[in-house]
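In my numbering, the protein residues as written are 1 to 337. In what follows, a single structure is set out as structure tokens and then discussed.
Written as structure tokens, this is what we have:
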């Protein structure tokens with residue numbers, strides 16, 4: 001191998017048993033894996049448990065995101081929506097579409113890999129699934145960043161107005177997809193199926209130098225600066241909405257509406273980041289050869305993967321739980337005669 005086999009988001013086909021290992025050691029661990037147990041459960045039983053969680057994620061996510069898409073689509077028919085509300089709804093549609101794509105392809109692939117001992121889905125599926133995972137994840141993240149900036153404008157600069165033509169909204173959505181694709185380029189270039197004995201593993205094959213640059217790109221360029229931007233935006237929003245001494249504080253009715261909208265969006269963003277962080281930590285430990293090759297490591301990496309992948313089914317639940325507007329629209333949709 002040219003360098004360490006660095007998986008993207010570890011799953012059952014490339015998790016604790018293969019992370020950071022060179023090919024010559026894989027067959028031995030593959031043979032030993034069947035005899036290992038975790039809390040009395042065999043590896044086969046653990047795989048079935050994780051596959052069940054993937055199935056639940058698929059079911060809940062498909063229903064929730066389809067309902068969200070229908071509610072948002074009907075909202076565009078309202079002529080009373082403000083420019084910022086229209087843009088926010090457009091970005092929510094973008095997030096929902098990204099989550100649906102992630103659900104239908106990536107979660108399905110993860111489910112299938114939990115049911116297999118090694119990677120049996122081919123090179124094309126290996127490259128496309130891992131690359132699309134990064135692509136859609138960052139597309140959703142940048143859409144949330146754009147939504148948070150709109151919330152900042154609505155609260156801190158309420159008199160600001162701008163055009164929201166269909167072309168501009170399409171350009172905004174395409175920009176998030178383009179940025180997400182740029183982050184996923186290393187996966188498209190370096191994702192490989194590696195054969196070790198009789199076993200196949202889907203890994204991101206990079207040299208140590210490439211691995212270092214990869215984490216600089218993902219963490220230092222694509223993620224952390226935007227997290228800092230989010231912190232600055234919401235710090236200012238909280239100051240205006242919850243610190244009444246501010247001269248910019250809006251009226252009581254307007255403040256309450258803005259507070260509810262802010263809490264909902266902030267919750268969606270926070271949950272997204274928190275659910276993806278464990279998976280990113282596992283990726284880093286795997287890439288730096290600090291992830292032990294034990295049943296506990298397999299379970300930890302699989303839990304982190306399932307947690308990250310299940311985020312695509314959580315956003316609709318948050319919106320329908322915290323937004324009176326979404327709740328009302330959902331009731332109209334479900335109980336329409």
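Note that CB positions come from ideal geometry on N, CA and C, so glycine has one too.
Whole-number beta carbon distance between residue j and residue i, since they are thought to touch under 8 Å
i, j, result
"residue 154", "residue 65", "With a Cβ gap of about 25 Å, residue 154 and residue 65 do not count as contacting."
Under the three-state DSSP convention, the category residue i falls into
i, result
"residue 28", "Only weak support exists for where residue 28 lies, its pLDDT of 37 falling under 50; the coordinates are left without a value."
"residue 116", "coil"
"residue 181", "helix"
"residue 164", "coil"
"residue 294", "coil"
"residue 213", "helix"
"residue 320", "helix"
"residue 21", "Note that residue 21 scores 29 on pLDDT, short of 50, meaning its location in the model is unreliable; the coordinates nonetheless yield the value given after this. Residue state, collapsed to three classes: coil."
"residue 41", "strand"
"residue 34", "In this predicted model, residue 34 has a pLDDT of only 49, less than 50, meaning its place in the structure is not dependable enough to derive any value."
"residue 335", "coil"
"residue 208", "helix"
"residue 314", "coil"
"residue 225", "helix"
"residue 254", "helix"
"residue 301", "helix"
"residue 158", "coil"
"residue 243", "coil"
Proximity to residue i [Cα-Cα], best of the options
i, options, result
"residue 93", "284, 152, 67 and 240", "67"
"residue 185", "202, 214, 316 and 159", "214"
"residue 102", "229, 199, 318 and 139", "139"
"residue 264", "310, 317 and 174", "317"
"residue 46", "149, 300 and 99", "300"
"residue 157", "84, 328 and 336", "84"
"residue 207", "99, 110, 171 and 287", "287"
"residue 137", "308, 336, 75 and 335", "308"
"residue 37", "310, 293, 312 and 200", "293"
"residue 87", "126, 143, 53 and 70", "143"
"residue 306", "275, 281, 297 and 331", "275"
"residue 108", "134, 228, 209 and 51", "51"
"residue 334", "71, 59 and 54", "71"
"residue 73", "90, 110, 160 and 63", "90"
"residue 97", "313, 329 and 211", "313"
"residue 229", "146, 190, 329 and 203", "146"
Element boundaries [beta strand (DSSP E), containing residue i]
i, result
"residue 200", "199-205"
"residue 196", "191-196"
Terminal residues of the alpha helix (DSSP H) in which residue i lies
i, result
"residue 289", "From DSSP, residue 289 is part of no alpha helix (DSSP H); its letter is neither H nor E."
"residue 219", "First-last for residue 219: undefined, no H or E at that position."
(request) Would you list, in sequence order, the uninterrupted alpha helix (DSSP H) runs of no fewer than 4 residues that lie entirely inside the stretch 65-139? (result) The stretch 65-139 is shown to contain whole alpha helix (DSSP H) runs of 4 or more residues at 83-101 and 108-114, in chain order.
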